[in-house]
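Residue numbers (mature numbering (1 follows the signal peptide of the UniProt record, and there is no 0)): -19 to -1, 1 to 520. Beta carbons: idealized from backbone N, C-alpha and C, even for Gly. This report refers to the structure that appears directly beneath it.
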């Protein structure tokens, strides 16, 4: 088999790479001819050696003996997290596997032979570039600079059965500060806990995708100091919304089962200036999240207010999504009124204005008059520009939903963006996210967790909030999640909690910027300190 043909088949098998052969050939050529100095700059988080004695540069070649079989091939992303393991047998004779940056392939071989040792082939030419680079990279620090202040652990918190009835683990990342700034502070043993949920529309993303991770949270974990735990969870549409929340709740119970977490922390070197191993204080927990992760954080805050000190979330998604029962009632009411949609359902006040502050964005937005939840609608400023765009997005969603319904696509617990950003974008732009929520849900069945998934509706019931309150951060020009949804949620919460004197405990801060505007923001920003003061103090 020709090398390039093998390459295409191998990566098609894993579903990791789809490109024209000419593109692949160009990429392989570039990968095997990088000047050494370019490697750390272009791939700063590239995995180091996989234990098999070679790095993932160029093409690894192995000649198995007769009858040798490759039992499994493990594919890792650039953060050394496993993307999956599939049985993969080969015929006797020459076998080649192609490992392209930023992926690393590790092989487990049965029946004799050994793991490839760093011999690389490209278009029939043997090169030792991979082995040479591997030796040099051993002396480089490839840790992302933002993570250098922390010990980084990864551990499974749950195992589920995938479509093939194979056990799959769901991982969580744990960051432990390497230094205790003030060892005399009695409040620093045990350490407070920050729990962060990643975004991605419940469709993509991963627990420690640093391009989306707010800088201020890493700084807060370092300077407080606090332990930061951020989990993965099963993703739509292959998983159902019930399964997503099953993972989130199981993670929450795992964190509050002290033995497994304590055992993990005990294996970490004690921080500098610390008197002993790190432990966490479950009485001081700050919950955070961005976008879909902000939504999950709000849902947990309303379910477990007594276990959470405070909540800070950015641009929480899905607040405008209604449960099927509420959506049907709203549609019936609109039909009875002649199809008109009230201004309150659009998040407008009596004068037809949005209820957003027209100031410089430093303050808290005024309370809107809206109290009703709206049906899902396309994202505010990124609606499809052409009919062709719209058709392509619906086709993408229809295909994904059909494959999920037939169990023909694997359940994912994380992706490395830009993987599946197009699917998330299509769901948000077309307003079909409610359709993904509805998959696998029987509207006639008893559903005790319904209000858990719809925080706006949760406010219709007697509700409590964490003692430190809830702070929402949102960009005025957010092109993915409507800022008016956050304003509506806070307005309704203030109305509900006002009789208990807690209205001031729920705030929204609207700043200039789009989706993810807070990612580069550090603790030194004055406006952020004001927003965090209550919730961090409560944690």
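What residue does the alpha helix (DSSP H) around residue 428 start on, and which one ends it?
Neither: residue 428 is in no alpha helix (DSSP H) and is coded neither H nor E.
Quick check: residue 153 and residue 210, are their CB atoms within less than 7 angstroms of each other?
yes
Alpha carbon of residue 506 to alpha carbon of residue 493, nearest angstrom:
14 angstroms
For the alpha helix (DSSP H) holding residue 475, just list the boundary residues, first then last.
464 to 478
From residue 150 to residue 275, what distance separates their C-alpha atoms?
24 angstroms
Looking only at C-alpha atoms, which of 216, 227, 173 sits nearest to residue 281?
227
Which stretch, first to last residue, makes up the alpha helix (DSSP H) that contains residue 196?
196 to 204
Using the three-state DSSP reduction, which class does residue 486 fall into: helix, strand or coil?
helix
In its own chain, which residues sit with a C-beta less than 8 angstroms from the C-beta of residue 143, not counting the 5 before and 5 after it?
149, 391, 392
Would you mind working out which of 158, 303, 219, 140 sits nearest residue 439, comparing C-alpha positions?
303
Since residue 174 sits in a beta bridge, which residues does DSSP pair it with?
208, 266
Thinking residue 198 and residue 177 are a contact (beta carbons under 8 angstroms), I'd like their distance in whole angstroms, please.
6 angstroms
Identify, in the order they occur along the chain, each residue of the same chain with its Cβ nearer than 8 angstroms to the Cβ of residue 421, setting aside the five sequence neighbours on each side.
221, 222, 223, 224
Taking residue 414 as the reference, which of 139, 298, 249 has the closest Cα?
298
With 16 other Cβ atoms within 10 Å as the buried cut-off, status of residue 485:
exposed
Report yes if the CB atom of residue 173 is closer than 7 angstroms to the CB atom of residue 207, and no otherwise.
yes
Where residue 48 sits in the DSSP three-state scheme:
Caution applies to residue 48, whose pLDDT of 41 falls short of 50 and renders its modelled position unreliable; the model cannot decide the point.
Using the C-alpha atoms, what's the distance from residue 146 back to residue 263?
35 angstroms
Give me the residue from 498, 248, 450 with the minimum Cα distance to residue 482.
450
Nearest-angstrom Cα distance between residue 253 and residue 131?
11 angstroms
Local Cβ density within 10 Å of residue 219, reported as buried at 16 or more and exposed below that
buried
Could you pull out every residue in the same chain whose Cβ sits closer than 7 angstroms to the Cβ of residue 419, ignoring the five residues on either side in sequence?
305
Endpoints, the beta strand (DSSP E) within which residue 276 is located
Premise fails: residue 276 lies in the alpha helix (DSSP H), 273 to 284, not in any beta strand (DSSP E).
Got a sec? Which residues, its chain only, sit under 8 angstroms from residue 496 by beta carbon, not counting five neighbours each side?
272, 296, 456, 459, 460, 461, 462
Quick test of your reading: residue 187 and residue 397, contact by CB under 8 angstroms. State the CB separation rounded to the nearest angstrom.
6 angstroms
Exposed or buried, which one is residue 466 when buried takes at least 16 other CB atoms within 10 Å?
buried
Option in 215, 136, 260 with minimal Cα separation from residue 170:
260
Over the uninterrupted alpha helix (DSSP H) stretch that includes residue 375, give me the two end residues.
368 to 386
Using CA atoms only, rank isn't needed, just tell me which of 518, 180, 205, 184 is closest to residue 195.
180
In the DSSP assignment, what residue or residues form a beta bridge with residue 130?
Per DSSP, none; premise fails for residue 130.
So is residue 232 in contact with chain B if we call contact Cβ pairs under 7 angstroms?
The displayed structure is made up of one protein chain only, and chain B is not part of it.
Quick one: what does DSSP say residue 295 is sitting in, helix, strand or coil?
strand
What is the DSSP secondary structure of residue 495, reduced to helix, strand or coil?
coil
Do you know offhand how far residue 243's Cα is from residue 155's?
12 angstroms
Ends of the beta strand (DSSP E) at residue 455?
451 to 456
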